[in-house]
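Take a look at the structure set out below.
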Amino acid sequence: MLTATKRRAAIFDFGVGLGIPILVMILHTVVQGHRYDIIEDVGCYPVTYTTLLAIPMVFMWPVLLNLFGFIYSFFTVRELLNRRRQFANMLSTSRSGLNTSQYFRLMALAATEMLLSLPLSLYILITFIMAPQNPWISWADTHQGFGNITFEAWESVELNPSFMVVLQFTRWSAPVLALVFFLYFGIAGEATAEYRRWFWAIAGCFGIKKKAGSGSNAGW
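Under this note's numbering, the first residue of the sequence shown is numbered 409, with each subsequent residue one higher.
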């Protein structure tokens, strides 16, 4: 029974983590007007033909997944708080390598990512809906000249404020989330203990010895 449960959990994780992104990439080709754009100072950027068909094919997925994630997280956190002692015992006996503090920080990281991505996804969806729409005629019409690569100067990007906002958000989201990840896990107790261990290992190479009782235990 336990093996079957783990198998179902693994299938669900792979389906959400890999299956849905692959599905969206396949669906995006339906409304992909040409290969891609090259934007000055940015690089390659995906292209989506401005038609209402692109909403179910591309733009609805981030919004739906974020909303589902918020609902799922709410019920998960509520259940964990109600059964915190049982949950701590389960973590201690499992092979996950996580304690209660690490697990809740991982949940907080996921919630932070959703808080950042949901407004951006809604903004992109609304901006796309408000743009002048082209009728979907056929696959051949949409993919006419598909091999083209468009070069776009930065000055032309600045003429489109809504696209400018989306572009800057997508550019800076990765480093911001990396910083958030470090704030959650890089200054926690187990991380600072590892930093101290490496510090004294390197200092020992120069003859600097750690004094007895100089260590400290971090809490969170």
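Idealized CB from N, CA, C, for every residue including glycine.
- The alpha-carbon of residue 473 is positioned some 28 Å away from that of residue 447.
- Inclusion of residue 506 and residue 495 in the CB contact set at 8 Å is not warranted, their separation being larger than that value.
- The beta carbons of residue 555 and residue 443 sit closer together than 8 Å.
- Around the C-beta of residue 427, fewer than 16 other C-beta atoms lie within 10 Å, and the residue is accordingly described as exposed.
- Nearest in C-alpha terms to residue 531, of all of 569, 583, 435, 603, is 569.
- Here the C-alpha atom of residue 595 lies approximately 50 Å from the C-alpha atom of residue 551.
- With a 10 Å radius around the Cβ and a threshold of 16 neighbouring Cβ atoms, residue 480 comes out exposed.
- Between the segment 453 to 470 and the segment 541 to 550 there are three or more inter-stretch CB-CB distances shorter than 8 Å, so the stretches are counted as touching.
- Residue environment analysis places residue 440 among the buried positions, since at least 16 neighbouring C-beta atoms fall within 10 angstroms of its C-beta.
- Uninterrupted beta strand (DSSP E) stretches at least 3 residues long and entirely within the segment 505 to 562 occur at 557 to 560, given in chain order.
- As for any beta strand (DSSP E) of minimum length 3 sitting wholly inside the segment 413 to 495, the runs are 444 to 447, 451 to 453, ordered along the chain.
- Annotation for residue 535: 570 place their beta carbon closer than 6 Å to its own, counting only its chain and skipping 5 residues before and after.
- Taking a contact to require three or more Cβ pairs closer than 8 Å, the segment 509 to 517 and the segment 581 to 599 qualify as touching.
- The shortest C-alpha to C-alpha distance from residue 478 to any of 606, 526, 605, 585 is the one to 526.
- Here DSSP, grouped into helix, strand and coil, assigns residue 612 to helix.
- Residue environment: residue 564 is assigned as exposed (fewer than 16 neighbouring CB atoms within 10 Å of its CB, all protein chains considered).
- Residue 575 sits in a helix when the DSSP states are folded into three classes.
- Here DSSP, grouped into helix, strand and coil, assigns residue 585 to helix.
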